[in-house]
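To start, the structure itself, in structure tokens.
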Amino acid sequence: MNIICLVKFVPDVDNFVYDYDRNVLVRENVKMILNPDDAAALAFALKIKDKYPKTFIEVVSMAPKSIIGQLEDLLRRNVDKSTLISDKAFVGSDTYITSKILAKYLKAQTFDCILTGTHALDGDTSHVPAQLGELLSLAQLSNVLKIDESNFLNSIAIVDVDRERVISTYRVSLPAILSVQKESNYKLPHIKFKNLHLDVSANIHVVSNTDLSFDEKEVGIEGSLTKVSRTYPKKMEKKERIFVENDDEGIEVVYRFLKTKGYV
Amino acid sequence: MMMKVSKSYTGSSKQRGTYDMKKSLIFLDHENIQNSIDLLAVIDLMYGKGNSITYAACLNHSGDEAMGLVDHIVNIQDDRIENHDLINLTNSLEEMHLIHAFDSILIPATQTGRMLAPRLSMRLHVGLVADVTAIEHNNGELEMVRPAFSGKIMAGIVNKGRRPVMMSVRQNVFNFISAESKNTQRTEFYPTNIQPSTVQLLESKEKERSLDIRDSEILISGGGGVQDNFHCLDFLANELDAQVSASRRIVDSGLASRKIQVGQSGKTVSPRLYIALGIYGSLQHIEGLNNVENIISVNVDKDAPICSLSDIVVVGDAVEFIDQLVKKIKNNRNIETGEK
Ligand SMILES: Cc1cc2nc3c(=O)[nH]c(=O)nc-3n(C[C@H](O)[C@H](O)[C@H](O)COP(=O)(O)OP(=O)(O)OC[C@H]3O[C@@H](n4cnc5c(N)ncnc54)[C@H](O)[C@@H]3O)c2cc1C
Ligand SMILES: Nc1ncnc2c1ncn2[C@@H]1O[C@H](COP(=O)(O)O)[C@@H](O)[C@H]1O
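Spelled out as structure tokens, the structure:
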């Protein structure tokens, strides 16, 4: 069985430092981490491989070359192949273009299942998995909490999906795209001590635009269909406070607020 | 059809031909109809009130809730399409777009909507903005505002050129209120492009309620100000289907377990709503609040630091507040369900 895991490395947002005096996020020296949802998806794939050693796992990431070290660490955890899609022409791609690039690579591969995270900590759009579903003509499910291990090899995935109020179980024919969320509690194992310095460089494959041959105008910032026009820190303090008292009027204001926001 | 549409706009102060009216489609997710309808507020922000012809599409559902609020309700009718069948839903909406050529398509960012919007935008070859929370206009450009980096920063996004403009819209941010009642036309839509689905729903189960305060959407939190009546928080929590949390003061005085302590030496929580009852809001406590959408604080001292972070500050006794709000919620529920 071939599983492809799409992984993204994101800034460790929980350890962002916020400079309240200047109202900016201090982004220097922010560590890049494996997106938590993707780590959970990969952890599931490794679990399958533990159980069925013939499983072949490839991780695919579109990112700058600086994350090669992190991809190597995934290989040291028993991943078979790491593919880094990287080219100057791809810099600044929005989700639409990112999906087109990933899809072009994926179309040329053989796989039984694609695993992704549901959403990424940085952009947090959840676009890529569903867009890939469209481009590869595959079913795609987000918010996956659990995948049944016993059926997985028979081209069937029985998956539990978090749907806000309920948990739904679906039967999905493979190949399909399953997007796991970290609440699934699949945990990435540590690198075994003996593998800490394993030389895995032979299993890293870098794919550039020479291989994918996009017209440079259709990718990157130029090809993107959306553009970030500005960013600004969310100001914690900027709330327009309403002061009320514990009387009929005050309680009415609170109740209306709860009602409009959907809390009652 | 053209006639009818223009007719419903005669008498409006801003008379326009149907010619320069914008056509907008919203998708009604039957699992959150009210919030889907609230997306009409976004359309008004985009084009100005009354400058658009609004369509609401729903799948195997009447969409009656939108009667009088939109110009058209389009019912996609096909028993073969189930609610989780995003491929056929995409096929249907694409077909609908080919007929109407919408200027914008808005989809609520529900679990379904978040899978549908990217698929449809890819099909229509247009950009997509996720989880929009505000609309701005900058130098004549429409800017869609959304949180990024776990809500730590906001980003304004513009769409380059192609139509339709597509976005998914964060739930419970917008609220549509309309005084006028529209003459809504209803159309049945029978999609022609249906393919067999590879996804089958086996069963759905109510979620077990987690007892971890970090999983709670709403937290009723108590501090020194409710020390003598901490158990009263349960009454409000029951009404709002919320969990109770506490400041360190309460935990230190043995009234609650450390498991429900919010703050630097407790847990970091991200509920949508945090009701702070008799909490001062020390730095160590506030540190435990990460990405909380709304705060209501009840405090006898309106200058307590927690108050400066709150949407609403109730100046008064917290236990009295619980009492009154619980009564209010119960009363209104009875009115809604028609009981006495
Ligand atoms: C290293 C360190 C770590 C810490 N970690 C944490 C932590 O993780 N979590 C945490 O919470 N604290 C923590 N603290 C403690 C924190 O600094 C405060 O001491 C504590 O949170 C104060 O609790 P409080 O706001 O509930 O109570 P108080 O400071 O007693 O404030 C009570 C508030 O209630 C109001 N009030 C009084 N009576 C009423 C009434 N009848 N109705 C309505 N309002 C009323 C008062 O005006 C006041 O604002 C930490 C401290 C240190 C030094
Ligand atoms: N550049 C990328 N390279 C590989 N996978 C990606 C990339 N961007 C997004 N993904 C995958 O898509 C998921 C959702 O990301 P996003 O659409 O950015 O929220 C991630 O959890 C990844 O699995």
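Protein chains in written order, with our numbering: chain A, -4 to 259; chain B, 158 to 497.
From the three backbone atoms N, C-alpha and C, an ideal C-beta is built for every residue, glycine too.
Residue i - DSSP class collapsed to helix/strand/coil
| i | result |
| --- | --- |
| Glu360 of chain B | strand |
| Phe346 of chain B | strand |
| Gly313 of chain B | strand |
| Met323 of chain B | strand |
| Tyr181 of chain A | coil |
| Phe259 of chain B | coil |
| Gly308 of chain B | coil |
| Gln268 of chain B | helix |
| Arg173 of chain B | Note that Arg173 of chain B scores 48 on pLDDT, short of 50, meaning its location in the model is unreliable; the coordinates nonetheless yield the value given after this. Coil, per DSSP. |
| Arg490 of chain B | helix |
| Phe184 of chain B | strand |
| Asn447 of chain B | coil |
| Phe238 of chain A | strand |
| Ser378 of chain B | strand |
| Arg280 of chain B | helix |
| Arg158 of chain A | strand |
| Thr255 of chain A | helix |
| Thr78 of chain A | strand |
| Ala461 of chain B | coil |
| Lys141 of chain A | strand |
Beta-ladder partner(s) of residue i, from DSSP
| i | result |
| --- | --- |
| Phe51 of chain A | A:Asn(-3) |
| Leu136 of chain A | A:Leu173 |
| Arg225 of chain A | B:Gly313 |
| Thr355 of chain B | Its beta-bridge partners do not exist; DSSP assigns none. |
| Asn456 of chain B | B:Val472 |
| Gln418 of chain B | B:Ala403 |
| Arg166 of chain A | A:Ile153, B:Gln357 |
| Glu252 of chain B | Per DSSP, none; premise fails for Glu252 of chain B. |
| Glu298 of chain B | B:Asn295 |
| Ile203 of chain B | Going by the sequence as given, residue 203 of chain B is Met instead of Ile. Paired residues: none, contrary to the question. |
| Met27 of chain A | A:Pro6 |
| Tyr212 of chain B | B:Leu182, B:His229 |
| Tyr431 of chain B | B:Leu376, B:Ile452 |
| Arg71 of chain A | BP columns for Arg71 of chain A are empty, so no partner. |
| Thr111 of chain A | A:Ser174 |
| Val483 of chain B | Per DSSP, none; premise fails for Val483 of chain B. |
| Lys424 of chain B | B:Val419 |
Burial state of residue i (16 or more Cβ within 10 Å)
| i | result |
| --- | --- |
| Tyr91 of chain A | buried |
| Lys497 of chain B | Reliability fails at Lys497 of chain B, whose pLDDT of 48 lies under 50, so the model's placement of it is uncertain and the value that follows must be treated cautiously. Counting Cβ neighbours within 10 Å, Lys497 of chain B comes out exposed, since fewer than 16 surround it. |
| Asp157 of chain A | buried |
| Ser367 of chain B | exposed |
| Ser61 of chain A | exposed |
| Asn322 of chain B | Before going further, note that residue 322 of chain B is Val rather than Asn in the sequence given. With 16 or more other Cβ atoms within 10 Å, it is buried. |
| Pro265 of chain B | buried |
| Gln172 of chain B | Low confidence applies here, because Gln172 of chain B scores a pLDDT of 46, under 50, leaving its location unreliable; read the following figure in that light. Under this definition Gln172 of chain B is an exposed residue. |
| Leu191 of chain A | exposed |
| Ser169 of chain B | Caution is warranted here: a pLDDT of 41 is assigned to Ser169 of chain B, below 50, making its placement in the model unreliable, and no coordinate value can be reported. |
| Met158 of chain B | For Met158 of chain B, the predicted model reports a pLDDT of 32, less than 50, meaning its position is unreliable and no value from the coordinates is stated. |
| Phe188 of chain A | exposed |
Beta-carbon proximity check, residue i vs residue j, cutoff 7 Å
| i | j | result |
| --- | --- | --- |
| Tyr181 of chain A | Leu358 of chain B | no |
| Ile233 of chain B | Ser219 of chain B | no |
| Leu243 of chain B | Arg280 of chain B | no |
| Val286 of chain B | Met272 of chain B | no |
| Asp260 of chain B | Lys339 of chain B | no |
| Asn316 of chain B | Gly284 of chain B | yes |
| Pro31 of chain A | Cys108 of chain A | no |
| Ser224 of chain A | Gly318 of chain B | no |
| Val306 of chain A | Ala134 of chain A | The requested residue 306 of chain A does not occur in the structure, where chain A is confined to residues -4 to 259. |
| Ala115 of chain A | Val5 of chain A | yes |
| Ser174 of chain A | Pro124 of chain A | yes |
| Arg327 of chain B | Thr290 of chain B | yes |
| Asp89 of chain A | Thr226 of chain A | no |
| Met324 of chain B | Leu246 of chain B | no |
| Gln418 of chain B | Arg405 of chain B | yes |
field: chain A contacts from the segment 344 to 356 of chain B (Cβ-Cβ distance under 8 Å)
entry: From the segment 344 to 356 of chain B, only Ser354, Thr355, Val356 have a Cβ closer than 8 Å to chain A.
- request: Note down, in chain order, all residues in the segment 205 to 223 of chain A with a beta-carbon under 9 Å from any beta-carbon belonging to chain B.
  value: Correct list: Ser219, Leu220, Thr221, Lys222, Val223.
query: Of the residues that make up the segment 463 to 482 of chain B, which ones have a beta carbon closer than 8 Å to any beta carbon in chain A?
result: Cβ contacts with chain A come from Cys464, Ser465, Leu466, Ser467, Asp468, Ile469, Val470, Val471, Val472, Gly473, Asp474, Glu477, Phe478, Gln481, Leu482.
task: Report the residues of the segment 417 to 434 of chain B with a CB closer than 8 Å to any CB of chain A, ordered along the chain.
output: Using a CB distance below 8 Å, the part of the segment 417 to 434 of chain B facing chain A consists of Arg429, Leu430, ordered along the chain.
message: Which residues of the segment 39 to 51 of chain A have a Cβ closer than 7 Å to any Cβ of chain B? Give them in chain order.
response: The segment 39 to 51 of chain A vs chain B, Cβ under 7 Å: nothing.
query: Using a Cβ cut-off of 7 Å, which residues of the segment 233 to 247 of chain A contact any Cβ in chain B, in chain order?
result: Going along the segment 233 to 247 of chain A in chain order, one finds Lys234, Arg236, Ile237, Phe238, Val239, Glu240, Asn241, Gly245, Ile246 with a Cβ nearer than 7 Å to chain B.
- prompt: Of the residues that make up the segment 359 to 370 of chain B, which ones have a beta carbon closer than 7 Å to any beta carbon in chain A?
  reply: Listed by position, the residues of the segment 359 to 370 of chain B near chain A (Cβ gap below 7 Å) are Leu359, Glu360, Ser361, Lys362, Glu363, Lys364.
- request: Would you list, in chain order, the members of the segment 230 to 241 of chain B that have their beta-carbon closer than 9 Å to a beta-carbon of chain A?
  value: The residues in question are His241.
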